[in-house]
Structures are given as structure tokens and as C-alpha cells.
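See structure below.
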Amino acid sequence: MVRVVMGMAGMFTFLRRFSSRLPTKIRLFTSKEASMIIFRIALILSATLFGMAIYQRTINMWAMKNIGDTFLRKEIGSRQILLGTFFREKSEQNFDGKFVIVHFLGDTRMEHPLYCHTMMANGKTMTTRAHVQRIHRGKRAANDICSWAGHLAECEVEVHTHRELRIGTTADPLESLLIHPEIPKHIRPKADLVVCMAPMYIYIEWEILLLGLETWLSMGAQKIIVPVQSASTTAYSILKKYQEKGYVEIREWPKWPTLSDVNPNGLVLSRGIEESHVNCLLHTKPWADLVVFTDIDDFYLPADPSNVIIGGTPALFKEIFDEHPQAGSLLLNIEIQFNFNFLQNTKFKQNCQVWRMKTRVVVNASRVDSVNMHETGIHRFGYVQVRVPCRKGHFYHFRHSHGTVPSPTEIDMTTLQSILNRSWKKRLFSSLNTIAASQLPPSSIESFEDFDKCMGAINAEHWTMKVSRCLTPHVCFSRLKRDVPCVAARADYAFHFSAISSSYIMTPKVCCL
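In full-length UniProt numbering, the protein residues as written are 1 to 513.
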């Protein structure tokens, strides 16, 4: 901006001198005062533009950091955080060999070279460079605040690789980190329907947790996978009971390591939901047929909830997939016009339309490699995403509350209510009888209003030029009016620094709740 002002000043100085040499009748400027007036107008205009730019881009510390990054250059190299390593299923390959999929978090503003090193039978090292794909872009086109995102890297390994391999940022095996891939569970027959929940945080009350679990189990889910970052001890103890009986699988989802100049936890869009969903998908591929990605308070029902059938959801999804042979995934509308006590008080729903920000995803696990929060990412072998019309059924979100329902359609939830009551009563007197004898604190929704307002404010920023944060719960505060004992996932990270590429690579070494 200073250069612009100096340039304009120089231009007017030239014009003033040039005009002074012209005949009086055709002079552009007849006095120094006239040229100074023009110069001052230009100066005021430049200062106004400069002030507007400063206001738009320096009203928060993250924007100021971005301005600094524009003029300063740091040779920091790539710094991948490995979130999981999985073997590619043979049924998903169209040529011979053995492959691993590396799921990692990285800065989208730089390249991430990745190499796999495995030992061959003759004692030599097999080194292959991975093919890297970014999972999603999110809202990073307009700003670099949410600059970290998940990536998938796939590389060929020695055919007898089973329990360990080395991964690095260079082709030198000595510049690598020892990794233990997840051993796949090949359960036959495959589970008809598995539900991958979004990461669980302290905001989830035990009543909402129970309602979500019981609804999905009643509708036919054979396993519910719940990544946990933090939870009240009450909610976590309930989860543990469901896990003991085989209904639920708990997967730790700890915070990512904070680096010297950046905190990936605050730079990842939508609370890392995309990353947890992709991680869950890769985990379930060997033993699941259909996988649903959703929040704990979302569930799928027929268009008319009174026609709900116990265990009928897998058949409904398979029917839609049969109608669309090229479908790798289904995109379904999510209905949010409900109040908290939705089973008793819901009498109407809104006529829906399928659009990106009000959807949930169902996939055929063998046809898809990545999932975003509201749509599918990478499809395999030419499969595509199919938008399912609302007349086929849609998801319901029972936490939100709205005073009026536009374009209302009358519905009856009593059938679902009866199913859940019978199922829960039966479970209390059998597999979960220890919960029946426990005294649980009253559930509360007082923190939801704070959380929803915070999420709304963050989301609104992405439509402006003053984005300061991503959709992460770590920047939100809640007015919890009671002391709540809780648990949280923690992890120790191992790392390796490559002197050749000046890059770091990190992976969880120990993780527990």
C-alpha cells in the first residue's frame, strides 16, 4: 500500500512538471495548489482503502498471523500426524500386490511426500512412494485459517508384511518411523449395518446417548462405533456396558499434538468429524457391508415413522442400493424440525429437499474410501453418490427445537416410542441389569444452547473475511451448572525428524481413556 501511495505521488509530480512546460492555454495544472489538491485526494483514497483492508484482515490474531506468513517464509517442512494405518482389502484391488492405506493429518498448503519401507525375504528393503490424496477441502478456499485436513496415502508393501512397516518422508529407510498397522478383523458374514458416530465430547448427555444407541439397535444396527475424546463418567460407564455386551465399540479419539507454532486441533474444520469418519470407514471395511455416518442424536426412519419396523433399516438401504447399481454411497436428507422431547411432542415435520448442508451419508464400505460430514469423498471403480428423495425416508435430528414448522407434514411417532420402550425395558432386565440398579444424575440440556450459539457464530465467520477459528469444541465454553466428573482420551506421540527433508512425522504411541 505504501508503494501505491508513493507511486501515485510520483505520477502527479511528473504531471505537474510536464504541465508547467506546456503553453498556458493547455496546461493541466496552472498552480502548485491544484496539483496538491489532486495529490491529497489520492492520498485520502489510498488511506481509506488501506484502512478497510486493515479492518478486514487484522481484527483477530489469526488474521494477523496470516498477514505475517504472507511476507515471511519459514522452511518448516511437512509435519504429518498419522491417524491410522490399514491394509487394503483384496476385494478392493484390481491388480496384484499388497497395499496399505495411511490416514494422516497435514497442512493443505504444502505437499506431503510419503514413503513405505518393508523388508523382503532376501533381507533387502522394499521402498515405494505413496500416492497421496487430500480427503476434503472444506471452507479453505477463501482463507487459510482451517488449513489442516485429512489425507489418504496408499503405497505397495512386501506381500508378507503383517505387523509392522516403516514410513518416512524420504526414500531413505533410516529416515523413517516404525508403524504397526491395524490388524483387520475378517468377520463372516459381514455385518449388514454398522453405525460410525461422530466423536463424543463432554456435551453429550447420557439420556441422548441412550436414546441414540437404542434407536439404532432397534432399527437393525449390528454394531455402533463411538470415538470418544471426552465424556462424563456416567455416559462413559453406559458406553462400557454396551461394549461389554457387544453392541458398541469404543475407539479412543485423543487430541492431536500441539506443534511449536500451530495447534491442529483448532485448524481442522468441523471438529475433526471428517477425520474420525474416514478412520472409522477404514476400520470397518474388512467386516461391514453398509456403514452409516451420523451424530449420536441422528437416526434414519421411513418417510412415515408410523411404518417403522424393528430391524428394518438394513433392508431399506439395500433396496435403494439395488435400485441404483452404480451407487457407492447414498445422500439422505436430515430433518431438524423437532424439540428435545421429540417422541411425545412431535406432531409435524417439514417437507424436505436434499441439499448438502442437511444430509447424512450411507456407504457400501467396499466402494468408498473417504467420507465428509455431509457428503461422500473418494469413490472407487466408478461408483457414484446418489441423492435419495425424501419419500424414501430420511434422517431425524431430535435435539434442535423450532417454534414453527414451515410446510408441515403430519407424522406419528408413537410406534417408534413403543418400540424403544419395550426394547429398553427388556434390556434393563437382561443384559444391562447393572444399569437399572445405578443411580444416575438428572440429564440436562443447559449446555446445548451455549454450544449451538458458539457453533453458529463460528460457522457464520466462514462467510466473511475475518475467520478466526474452525468448528472445534475446544474454542467453545459451556455454562455447566454442576460439577460433572469426566474422562478424556489421551495419547503419547512418537515422532521422527528427517534431516534430509526437514520434515516431521508423528503417530500415537500410547492411547487410552
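Heads up, the beta-carbon is just placed ideally off N, CA and C, and yes, glycines get one too.
Distance between beta carbons of residue j and residue i, contact taken as under 8 Å
i    : j    : result
V308 : L416 : 5 Å
V368 : S329 : 5 Å
V157 : T118 : 4 Å
T284 : A198 : Incorrect: roughly 15 Å between the Cβ atoms, too far for contact.
V363 : H324 : Going by Cβ atoms, the distance from V363 to H324 rounds to 13 Å, so no, they are not a contact pair.
V291 : L282 : With 8 Å as the limit, V291 and L282 do not qualify as a contact, their Cβ atoms being about 11 Å apart.
L213 : A235 : 11 Å between Cβ atoms; not a contact.
T169 : P257 : That belief does not hold up - the Cβ atoms of T169 and P257 are roughly 17 Å apart, past 8 Å.
K241 : I505 : At roughly 38 Å, the Cβ-Cβ gap does not stay under 8 Å, so K241 and I505 are not in contact.
Residue i vs residue j beta-carbon contact at 7 Å
i    : j    : result
T507 : A488 : no
I419 : S218 : yes
S498 : E164 : no
E249 : L513 : no
S147 : D107 : yes
N279 : L83  : yes
A486 : I238 : Strictly speaking, residue 486 in this sequence is Cys, with Ala absent from that position. No, the Cβ-Cβ distance between C486 and I238 is not below 7 Å.
I81  : L105 : yes
T215 : F87  : no
K255 : N263 : no
W287 : I187 : yes
T85  : V102 : yes
Q222 : A171 : no
L193 : P302 : no
S501 : G220 : no
S276 : P227 : yes
V268 : C470 : yes
L316 : F395 : no
H397 : I458 : no
Secondary structure of residue i, DSSP reduced to three states
i    : result
S423 : helix
K453 : helix
P286 : coil
P508 : strand
W256 : coil
F495 : strand
Q80  : strand
R163 : coil
K98  : strand
F381 : coil
L177 : strand
V278 : helix
F87  : strand
Y242 : helix
N364 : strand
M413 : coil
F39  : helix
D322 : helix
I333 : Checking the sequence shown, residue 333 turns out to be Asn, not Ile. Reduced to three states, the DSSP call for N333 is strand.
A198 : coil
R391 : helix
G312 : coil
M119 : strand
F50  : helix
S147 : coil
F317 : helix
S503 : strand
A153 : strand
T125 : strand
R27  : Interpretation of R27 is limited by its pLDDT of 49, a score under 50 that renders its predicted location unreliable; no figure is taken from the coordinates.
A436 : helix
I250 : strand
A460 : helix
With 16 other Cβ atoms within 10 Å as the buried cut-off, status of residue i
i           : result
residue 543 : Missing from the structure shown is residue 543; the chain here goes from 1 to 513 and no further.
M200        : buried
S503        : buried
D96         : exposed
A153        : buried
L22         : Residue placement at L22 cannot be trusted, given a pLDDT of 49 that sits under 50; the coordinates are not used to answer.
L178        : exposed
V384        : exposed
D492        : exposed
D289        : buried
E274        : buried
F293        : buried
T359        : buried
V438        : According to the sequence displayed, residue 438 carries Ser and not Val. So S438 ends up on the exposed side.
T233        : exposed
T161        : buried
Proximity test, Cβ basis, 7 Å: residue i and chain B
i    : result
L440 : Reference to chain B is not applicable here, since this structure consists of a single protein chain.
Any non-hydrogen atom of the ligand SAM within 6 Å of residue i CB
i    : result
Q243 : For the structure depicted, the ligand SAM is absent and the ligand set is empty, with no information on it obtainable.
(request) For the region 203-238, list the beta strand (DSSP E) runs that are entirely contained and at least 3 residues long, ordered along the chain. (result) 223-228 and 230-232
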